[in-house]
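Per the working numbering, numbering of the sequence shown is gapless, rising by one per residue and ending at 113. In this text, a Cβ means the ideal position worked out from N, Cα and C, and glycines have one as well. Here's the structure, in structure tokens; my notes come after.
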Amino acid sequence: MNNASNNPTRRSMTTIITNNQPRNLLCWEELTEKERAEFYPSLIDNDEDFVRYKRTAYRLADFILPPKDVEWDGVIQDTFFSGILIRFTDDEEVIMGRYYE
């Protein structure tokens, strides 16, 4: 039985889109009031980092490790068949992408 997963491991049926544009990491103070409202301030550590991608702020701590055969450092699922990918370039920048099946 083929147990299809909802992550970018099945490359033949998964499309990954990225412009490979490095993005700076953001701290809590750099988020807009609207973006801050999306998070629970009591759960945010002052040392946490965020990244803005497609008009949405993402908390780095919310990304999970992808399977080993995926060339990205983290993933957040949007839907059962799609999600956001992250790749670290150095301590201050990341590359963002999205995938769908």
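Look up residue i in the DSSP assignment and say whether it is helix, strand or coil.
{"i": "Arg67", "result": "coil"}
{"i": "Pro34", "result": "strand"}
{"i": "Asp61", "result": "coil"}
{"i": "Leu90", "result": "According to the sequence provided, residue 90 is Asp. The question's Leu does not apply to it. Asp90: strand per DSSP, three-state reduction."}
{"i": "Glu83", "result": "coil"}
{"i": "Asp72", "result": "Per the sequence shown, the amino acid found at residue 72 is Leu instead of Asp. It is helical."}
By the 10 Å Cβ neighbour count, where 16 or more other Cβ atoms means buried, how is residue i classified, buried or exposed?
{"i": "Asn31", "result": "exposed"}
{"i": "Ile29", "result": "exposed"}
{"i": "Ser67", "result": "According to the sequence shown, residue 67 is Arg rather than Ser. Exposed, since its Cβ has fewer than 16 Cβ neighbours within 10 Å."}
{"i": "Tyr52", "result": "exposed"}
| message | For the segment 68-76 against the segment 86-93, do three or more pairs of beta-carbon atoms, one drawn from each stretch, fall closer than 8 Å, so that the two count as touching? | response | yes
| Are the segment 96-103 and the segment 47-59 touching, with three or more C-beta to C-beta distances below 8 Å? | no
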